[in-house]
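Engineer: Can you keep this structure in mind? I'll have questions shortly.
2 protein chains.
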Amino acid sequence: MKVAVTVMLKNGVLDPQGEAVRSALLGLGFFDVKGVRQGKVIELDLADGTDLNEVDEMCKQLLVNSVIESYTVESI
Amino acid sequence: MKVAVTVMLKNGVLDPQGEAVRSALLGLGFFDVKGVRQGKVIELDLADGTDLNEVDEMCKQLLVNSVIESYTVESI
């Protein structure tokens, strides 16, 4: 089974990567871009039958800094 | 309107970040993890009515290295 963990900075946390992308897009003439946030997606290939609670545990222990980041888990 | 662009390394392209995460998860005792791929997600806040073709153009010009990366676009 495969799951995708999407990790984004929480609202209000400064996102310099996203700002850099926004600035670059404006420089290329894409004036419709009002804001950009950049996060990461981690695709996990897990043994069949793995409990999704285990994925939550991975997020808490390693994948996510819960002070500044939020995450979602979905099966793919 | 908001769209999310998910950028992943193509299959077969070495993913050292993903390998590092896999190794760290194994070190923490998560033995159900068979593989990890890490990519990025870029959330774009666009003016209403922006054509999705414009997002494709952004990907081609800046967001995606099409030699080694593939991407998907979805409205959120």
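Residue numbers (the numbering used here), protein chains in the order written: chain A, 1 to 76; chain B, 77 to 152. Heads up, the beta-carbon is just placed ideally off N, CA and C, and yes, glycines get one too. Predicted model only: the values in this text are computed from it and were never measured.
1) What number of angstroms, rounded off, separates the C-alpha of residue 66 of chain A from the C-alpha of residue 88 of chain B?
2) To be precise: take each residue of the stretch 110-129 of chain B, compare its Cβ to all Cβ atoms of chain A, and keep it if any distance is under 7 Å. Which residues remain?
3) Quick test of your reading: residue 79 of chain B and residue 122 of chain B, contact by CB under 8 Å. State the CB separation rounded to the nearest angstrom.
4) Excluding the 5 residues flanking residue 71 of chain A on each side, which residues of the same chain have their C-beta closer than 6 Å to its C-beta?
5) Could you confirm whether any beta carbon from chain A is found closer than 8 Å to the beta carbon of residue 82 of chain B?
6) Would you call the stretch 16-32 of chain A in contact with the stretch 108-115 of chain B, where contact means no fewer than 3 C-beta pairs closer than 8 Å?
7) Return no unless some Cβ of chain A is closer than 8 Å to the Cβ of residue 101 of chain B.
8) Quick check on residue 81 of chain B: does DSSP put it in helix, strand or coil?
9) Mark residue 91 of chain B as exposed unless 16 or more other C-beta atoms lie within 10 angstroms of its C-beta, in which case mark it buried.
10) Enumerated in chain order, which unbroken segments of the alpha helix (DSSP H) with a length of 4 residues or greater are wholly contained in the stretch 118-146 of chain B?
11) Identify the contact partners of residue 32 of chain A in chain B, using a Cβ-Cβ distance below 7 Å as the criterion.
12) Could one say the Cβ of residue 9 of chain A lies closer than 8 Å to chain B's Cβ atoms, at least one of them?
13) Are the beta-carbon atoms belonging to residue 42 of chain A and residue 97 of chain B less than 8 Å from one another?
14) For the alpha helix (DSSP H) containing residue 25 of chain A, list its first residue and its last residue.
15) Nearest CA to the CA of residue 30 of chain A: which residue from B:151, B:120, B:86 and B:107?
16) Within 10 angstroms of the Cβ of residue 94 of chain B, are there 16 or more other Cβ atoms? Answer buried if so, exposed if not.
Structural biologist: Short version:
1) In the first sequence, counting from the first residue as 1, residue 66 of chain A sits at position 66. In the second sequence, counting from the first residue as 1, residue 88 of chain B sits at position 12. In a straight line, the C-alpha of residue 66 of chain A is about 32 Å away from that of residue 88 of chain B.
2) 110, 111, 112, 113, 114, 115, 116, 117, 118, 119, 120, 121, 122, 123 and 126
3) Here residue 79 of chain B refers to the residue found at position 3 of the second sequence. Here residue 122 of chain B refers to the residue found at position 46 of the second sequence. Yes, they are in contact, since the Cβ atoms of residue 79 of chain B and residue 122 of chain B sit about 7 Å apart, within 8 Å.
4) Position 71 of the first sequence, counting from 1, holds the residue named residue 71 of chain A. For residue 71 of chain A, where only same-chain residues beyond five positions count, the Cβ hits under 6 Å are 5, 7, 59 and 64.
5) Residue 82 of chain B sits at position 6 when you count from the first residue of the second sequence. Chain A contact via Cβ: present.
6) no
7) As a position in the second sequence, residue 101 of chain B is number 25, starting the count at 1. Yes, residue 101 of chain B counts as interfacial toward chain A.
8) Locating residue 81 of chain B in the second sequence gives position 5, counting from the first residue. Residue 81 of chain B: strand per DSSP, three-state reduction.
9) Within the second sequence, residue 91 of chain B is the residue found at index 15, counting from 1. Residue 91 of chain B should be labelled buried.
10) 128-134
11) The residue labelled residue 32 of chain A in the question sits at position 32 within the first sequence. Result: 122, 123, 126 and 130.
12) The residue labelled residue 9 of chain A in the question sits at position 9 within the first sequence. Chain B contact via Cβ: absent.
13) Against the first sequence, residue 42 of chain A aligns to sequence position 42. Against the second sequence, residue 97 of chain B aligns to sequence position 21. Cβ distance < 8 Å, so residue 42 of chain A and residue 97 of chain B count as in contact.
14) Translated into positions along the first sequence, residue 25 of chain A becomes position 25. First-last of the alpha helix (DSSP H) with residue 25 of chain A: 16-27.
15) Your numbering for residue 30 of chain A matches position 30 in the first sequence. Of the listed residues, the one whose Cα sits closest to residue 30 of chain A is B:120.
16) Walking along the second sequence from the start, residue 94 of chain B turns up at place 18. Buried, because 16 or more other Cβ atoms sit within 10 Å of the Cβ of residue 94 of chain B.
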